[in-house]
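Protein chains in written order, with our numbering: chain A, 13 to 353; chain B, 13 to 353. Each residue gets a CB set at the ideal place from its N, CA and C atoms; glycine is no exception. These numbers were taken from a predicted model, which means no experiment stands behind them. Reviewing the structure listed below.
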DNA sequence: TTGAAAGCGCTAACAA
DNA sequence: TTGTTAGCGCTTTCAA
């Protein structure tokens, strides 16, 4: 664009215009406690700032203070899902609240991009970096990350060591199952994923826990592993119906979407013939299925938030270095016909 | 976290360790052309850099060079949709390619947040800012934005003046309609949105254009305005079927999703009984509906990319200050049963 | 209540 | 081929 950069107005310009020294300007700009500035000088400075349209130079400020107010956030999938977006939003809101700004880098899982992103952050002397993934999993730590404070968000590292903020899969699975139990269901199917992951283990554990809690015996025939998407859900329904399931807990909302299709195709209805609850609370899907899907939310926003809190030392991870964030149930209309189950 | 910041290693430390001056170090670090450094000194510097784990300080560098390598991106909805995510990704990739880094701020449409975000960017002396919205519309320019170079992404301002990068709604509408025309359809419904917007006008214009092009008379009864979501699509189907429509172009993918539901409920099938094409190419929906939805893609990634290109002066907007980005058709299986229409 | 001056980590003349 | 030096815009003692 236009390159006639008219040299930004600096503190010196303001000082000159106000007829004071730069240190005086500095004091009023930062509203310094210690130094008491005369009302008169103060006003002249303010006026000069207005008139010249002065903006402090954050880089110069950070340079002298020896630390920046940046927090790096490297994400593996800003694009593919709305999930990363929520993490970013949570992180940003919280960072902002504490006077920090987010430097985000999307790596799409690409190692080179990751290394470059981290180098960039290190060179900007970030306060620390949040390393996040769009689905909960174990990660290999990129080198370079050891050079600064780092907290893992929605993932965790092999050796432990690094603080990690993750969703509570177990409690989430329990919540989902309880929603069905509460409506009187006893034959509750669980379409789990075929992908080994904390979600696979945790949600199953939660499912079993809720069943046990309600005195319902666990029946392995009611648990079926399927591809974690529409196809998987669609195909699992036959089996579950043959097992006399009256309700089903789906590994995620997309699976639930497939279940809806299969149910409809059989001339049956949700929730009358089969009650269903999902997982993730993926807005575009869950809220707009017919009927709207009851589900359990993956707390991405809160994950991002918690990430910066522990990075900034505002929250302490418990022993084990894990901060576990709850997955709240979201009641809509796929479990019971009476408005929000 | 740990606060025993061991004072970062600086260029001076490296110089000392290598037994040379800082300027020598500067030269090798930046691989300066002009200055010829002795092989010996060069190696000693490299070694010192390795051993000390030196990282240049980007802030100091930018400070002396008088300009940062930041590009600001303010978005109104990182969260609600995957759309903003794509814009960010496109912008970031392109910025990165030219040695710039993105400073992103999510404002959720909140004015105060917007002002604060822009102030922050200005203080970081960004090279310029990209102001983007998640759906194509006219915007009021926040004050402050005039203090720096700015390009609008997926939106445009009242007065003109600012360069804007927007999707080609008209060509997109034409593409969508052509997909149906190509399969021999002549009675083609169009479920448009009730919301006044460039999308509403543009897509209709494209629809009419394609019809004219194919010699099919325009029938107002085939165009119906509906709420741009599942509900709207669901409810519009009855009318369209009564008009003997054999194909329908939906204002967006969510509307198409509602159309699917209504069609299924009548015991009919897509595409045999009603061919449908959407708009947006919202991955979670379009790719996973049954059958997968043929649609026209909103080029968010390219919008972000183009945004930084014009900001950096790499691309020149045509007269009128608009850069119009094409919306490519995405062929799946909702228009024709023979694999990808 | 205000100002002078040193210095944050780096680049870029200019000297040597 | 390498070093010296003067800033970049700001904060912060320390003096006045």
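Rounded Cβ spacing between residue i and residue j (contact assumed at less than 8 angstroms)
{"i": "residue 247 of chain A", "j": "residue 211 of chain A", "result": "Not a contact, Cβ separation roughly 19 angstroms."}
{"i": "residue 199 of chain A", "j": "residue 255 of chain A", "result": "7 angstroms"}
{"i": "residue 101 of chain B", "j": "residue 90 of chain A", "result": "5 angstroms"}
{"i": "residue 3 of chain A", "j": "residue 214 of chain A", "result": "The requested residue 3 of chain A is not part of the displayed model; chain A covers only 13 to 353."}
{"i": "residue 114 of chain A", "j": "residue 103 of chain A", "result": "6 angstroms"}
{"i": "residue 347 of chain A", "j": "residue 304 of chain A", "result": "The pair is not a contact, with the Cβ atoms about 11 angstroms apart (cut-off 8 angstroms)."}
{"i": "residue 291 of chain B", "j": "residue 192 of chain B", "result": "Not quite, the Cβ-Cβ distance comes to about 13 angstroms (not below 8 angstroms), so this is no contact."}
{"i": "residue 356 of chain A", "j": "residue 178 of chain A", "result": "An answer regarding residue 356 of chain A cannot be provided, because it is not within the stretch 13 to 353 covered by chain A."}
{"i": "residue 236 of chain B", "j": "residue 252 of chain B", "result": "7 angstroms"}
{"i": "residue 271 of chain A", "j": "residue 245 of chain A", "result": "4 angstroms"}
{"i": "residue 53 of chain A", "j": "residue 32 of chain A", "result": "5 angstroms"}
{"i": "residue 286 of chain B", "j": "residue 316 of chain B", "result": "With 8 angstroms as the limit, residue 286 of chain B and residue 316 of chain B do not qualify as a contact, their Cβ atoms being about 35 angstroms apart."}
Residue interval of the beta strand (DSSP E) (run including residue i)
{"i": "residue 45 of chain A", "result": "First-last for residue 45 of chain A: undefined, no H or E at that position."}
{"i": "residue 201 of chain B", "result": "200-205"}
{"i": "residue 12 of chain A", "result": "Absent from the structure is residue 12 of chain A, since the part of chain A shown begins at 13 and ends at 353."}
{"i": "residue 168 of chain A", "result": "162-169"}
{"i": "residue 70 of chain B", "result": "Looking at the DSSP string, residue 70 of chain B is not in any beta strand (DSSP E); the run it does join, the alpha helix (DSSP H), is 70-77."}
{"i": "residue 117 of chain B", "result": "113-118"}
{"i": "residue 179 of chain A", "result": "176-179"}
{"i": "residue 143 of chain B", "result": "141-151"}
{"i": "residue 261 of chain A", "result": "259-262"}
Continuous alpha helix (DSSP H) stretch holding residue i: start and end
{"i": "residue 246 of chain B", "result": "242-254"}
{"i": "residue 121 of chain B", "result": "Counting along the chain, residue 121 of chain B falls outside any alpha helix (DSSP H), and DSSP gives it neither H nor E."}
{"i": "residue 297 of chain A", "result": "295-298"}
{"i": "residue 219 of chain B", "result": "210-225"}
{"i": "residue 316 of chain A", "result": "312-323"}
{"i": "residue 25 of chain A", "result": "23-30"}
{"i": "residue 102 of chain B", "result": "94-109"}
{"i": "residue 275 of chain A", "result": "265-277"}
{"i": "residue 52 of chain B", "result": "51-64"}
Spatial neighbours of residue i in its chain, beta-carbon cut-off 6 angstroms, leaving aside the 5 residues before and after
{"i": "residue 266 of chain B", "result": "241 and 242"}
{"i": "residue 118 of chain B", "result": "87 and 90"}
{"i": "residue 56 of chain A", "result": "30"}
{"i": "residue 205 of chain A", "result": "212, 240 and 263"}
{"i": "residue 342 of chain B", "result": "293, 307 and 309"}
{"i": "residue 153 of chain B", "result": "169"}
{"i": "residue 85 of chain B", "result": "103, 114, 116 and 142"}
{"i": "residue 175 of chain A", "result": "163, 322, 329 and 333"}
{"i": "residue 27 of chain A", "result": "33, 34 and 37"}
{"i": "residue 228 of chain B", "result": "198"}
Status (buried if at least 16 other CB within 10 Å, exposed otherwise) for residue i
{"i": "residue 69 of chain B", "result": "buried"}
{"i": "residue 137 of chain B", "result": "buried"}
{"i": "residue 158 of chain A", "result": "exposed"}
{"i": "residue 60 of chain B", "result": "buried"}
{"i": "residue 224 of chain B", "result": "exposed"}
{"i": "residue 326 of chain A", "result": "exposed"}
{"i": "residue 63 of chain A", "result": "exposed"}
{"i": "residue 67 of chain A", "result": "buried"}
{"i": "residue 218 of chain A", "result": "buried"}
{"i": "residue 124 of chain B", "result": "exposed"}
{"i": "residue 82 of chain B", "result": "buried"}
{"i": "residue 166 of chain A", "result": "buried"}
{"i": "residue 331 of chain B", "result": "exposed"}
Spatial neighbours of residue i in its chain, beta-carbon cut-off 7 angstroms, leaving aside the 5 residues before and after
{"i": "residue 226 of chain B", "result": "193"}
{"i": "residue 47 of chain B", "result": "39"}
{"i": "residue 49 of chain B", "result": "36, 39 and 40"}
{"i": "residue 232 of chain A", "result": "none"}
{"i": "residue 230 of chain B", "result": "220 and 223"}
Close Cβ partners of residue i (< 8 angstroms) along its chain, the five nearest in sequence each way excluded
{"i": "residue 344 of chain B", "result": "298, 299, 303, 304, 305, 306, 307, 352 and 353"}
{"i": "residue 80 of chain A", "result": "74, 136, 137, 138 and 139"}
{"i": "residue 296 of chain A", "result": "94"}
{"i": "residue 207 of chain B", "result": "240"}
{"i": "residue 161 of chain A", "result": "139, 140, 141 and 323"}
Under 8 angstroms: do the region 87-102 of chain B and the region 296-315 of chain B share three or more Cβ pairs, one atom per stretch? yes
Cβ contact check for the region 321-328 of chain B and the region 272-287 of chain B: 3 or more pairs under 8 angstroms: no
Inspect the CB distances between the region 128-147 of chain A and the region 141-156 of chain B and report whether three or more fall short of 8 angstroms. no
Tell me, please, whether the region 184-191 of chain B touches the region 330-349 of chain B by the rule of three or more beta-carbon pairs shorter than 8 angstroms. With a cut-off of 8 angstroms, the region 330-349 of chain B and the region 184-191 of chain B count as touching, because enough Cβ pairs lie within range.
Do three or more CB pairs link the region 62-76 of chain B to the region 74-81 of chain A at distances below 8 angstroms? Verdict: yes, contact present.
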